[in-house]
Every structure is written in C-alpha cells, then in structure tokens.
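In the UniProt record's numbering, the protein residues as written are 1 to 297.
Written out as structure tokens, the structure is:
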C-alpha cells in the first residue's frame, strides 16, 4: 500500500524565463524561452511525492484568480488529493524564475494566497493525523507550520521540515520535528555560526539530512549515524526543482519504511532525475525514472 504523505505548504504559478545568463542588477537580458507551470515548494513536493509513489494529500491555499484554477487542475492532474485545499479571494502565489544555460537560477516569490493559510481547521488536522509522514516547508506562515507539526505529533505522524527558505526556527517547532532537511545555506541559518555544525543541529532535532548539491547528501542522527551519500551524476539542464524532487521522494521512501540512509540514496536519484529537464513541477520525475537512475548509479 502506498504511504500517505500529507504536504502542508505553498502553491505558486511559476513564470520561468530561460536566457544565456542571469541579468545583473539593472540589466536586461534577451531570453531564449518562457514557460508557465505549477510551482511553489509545497505544491512541487506534493507532486514529487505523488509521482514517487505516495498517496499525497495537499493542504494549502490558492487564489480566486485564473492562476488558482490552473494550479488546482495541474495538481489534480498529477494525482495529488486536493479535497482540503482552500480558495482565498485574491491573487494566487507567483514565482518569477530566471534560468541560465548552465542550469543556475534566480527566484523571486510573491506569496499571495499562501499568506492566508493560517489557523488549521479540524479537517486539516485530521488529515495530518491520518498520514504516515507530514512534509512542511517555510513558504507559508510559521504559525501554520507550528500548528501542523503539533497536529502530527498528536496523531503519531512523522514530521519532515524542509527549512526553505532559510530562517530561524522557533523552539516550539523544533520540538515536533522528526527529520530536518536543509541545504548548506539553510543549515547555517538554523544553527547559526560561520560553518556547518551538524552536532548543533542534532542538539535541536533528532535527525538531519544536509543536501550538498552535486556532492550528494549527508545523513546524521542522535544514534550516532553520520554518513555522506554520494550523488548520481547526470547531465544538468535546470536545478530549479531538484531539492523538491529530493524531499518529496525522501518522504515517500521513509513512509515506505526504508532505512533512512537508503531513503536518502533513493532521494538523491530523484534529484538527479529531475535536473535533466527544464522547469519545476513538469521536471519532477516518476517512480520509474527515479528507479532507473538509482539502478544505473
């Protein structure tokens, strides 16, 4: 049976421009292509988890505009359960993304309806309690993340926080996190200091995954495991949604009961499969594509 993954997070319409290079401040660069697709870290990770084989329930808010209609349709089309999603009067969240020919990107997000996702309803709390894994990010109000984590703890649901975008985490949230997923910038923000301090992170949460881009990932926990998991090497086209592919797949693998180091290895394969295509949600790999990279590893 597919694990039940509950994703509480943001949904944005991504406006993606491809260009030879990213513009400097004040500069205009002629682009190669423009595409529009569903995005937002929450929506991306929900789609990633659904494509990786999870029964995925999305909790969040979309606007009453045309972007909201499009977002709902695209998430439904990806197999995400949208029955609990709120519609907020006003604009949906929007992300403006620039990608250069080396796959590097620059992103500006206008949260829109995502900022209205506050005060979890009883139905939303029940959906969290019924899940195997709750997955949250930080593009929604922090009080909502805290409430979702509390509902997960009360219901016996394991909670993963992808602490992106980077910001300090309140103590009341740290107390309910089972697994923290951060990149190097986010790790510095959460732990403070001038260098990556995994022991300090483990004094705050019981398990940590540190993503290292092309160098793979590092898993550590309070039981003494500390392992670097190598990356899978593929031709890179666009890195925009690699982290979301990784985190969604990690939630599914953990929900399936895999050992966490093995789950991280499989999630690395998901990230590698993602960067071969341009875009965010449309680049997220299927389970077969993840397994293909994983076996070829």
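Where is the CB? At the ideal position from N, CA and C, for every residue including glycine.
### Message
Tell me which residues share the same chain as residue 277 and place their Cβ nearer than 8 Å to its Cβ, disregarding the 5 neighbours each side in the sequence.
### Response
237, 238, 283
### Task
Determine the DSSP secondary structure at residue 159, reduced to helix, strand or coil.
strand
### Query
Can you list, in chain order, the stretches of the beta strand (DSSP E) that have 3 or more residues and sit fully within the segment 32-112?
33-39, 55-59, 61-63, 86-88, 93-99, 105-110
### Task
Could you tell me whether the Cβ atoms of residue 53 and residue 252 are closer together than 9 Å?
yes
### Message
When you compare the CB positions of residue 87 and residue 128, do they come within less than 9 Å of one another, or not?
### Response
no
#### Entry: Inside the segment 213-262 only - beta strand (DSSP E) runs reaching at least 3 residues
217-221, 226-229
### Query
Enumerated in chain order, which unbroken segments of the alpha helix (DSSP H) with a length of 4 residues or greater are wholly contained in the segment 162-221?
171-174, 184-191, 198-204
### Message
Looking at the secondary structure, which residues open and close the alpha helix (DSSP H) in which residue 293 lies?
### Response
287-296
#### Entry: Sufficient close CB pairs (3 or more, under 8 Å) joining the segment 210-219 to the segment 90-98
no
### Message
Considering only their Cβ atoms, is the gap separating residue 120 from residue 148 smaller than 9 Å?
### Response
yes
### Query
When DSSP labels each residue in this structure, what does residue 26 get in the three-state scheme?
coil
### Message
Rounded to whole angstroms, what is the Cα-Cα separation between residue 249 and residue 57?
### Response
14 Å
### Query
If you compare alpha carbons, which of 174, 123, 155 is closest to residue 143?
174
### Query
Any beta-carbon of chain C closer than 9 Å to the one on residue 129?
In the structure shown, chain C does not exist; there is a single protein chain.
### Query
Is the segment 253-261 close to the segment 3-13, with three or more CB pairs under 8 Å?
yes
### Query
In terms of residue numbering, what span does the alpha helix (DSSP H) encompassing residue 126 cover?
122-129
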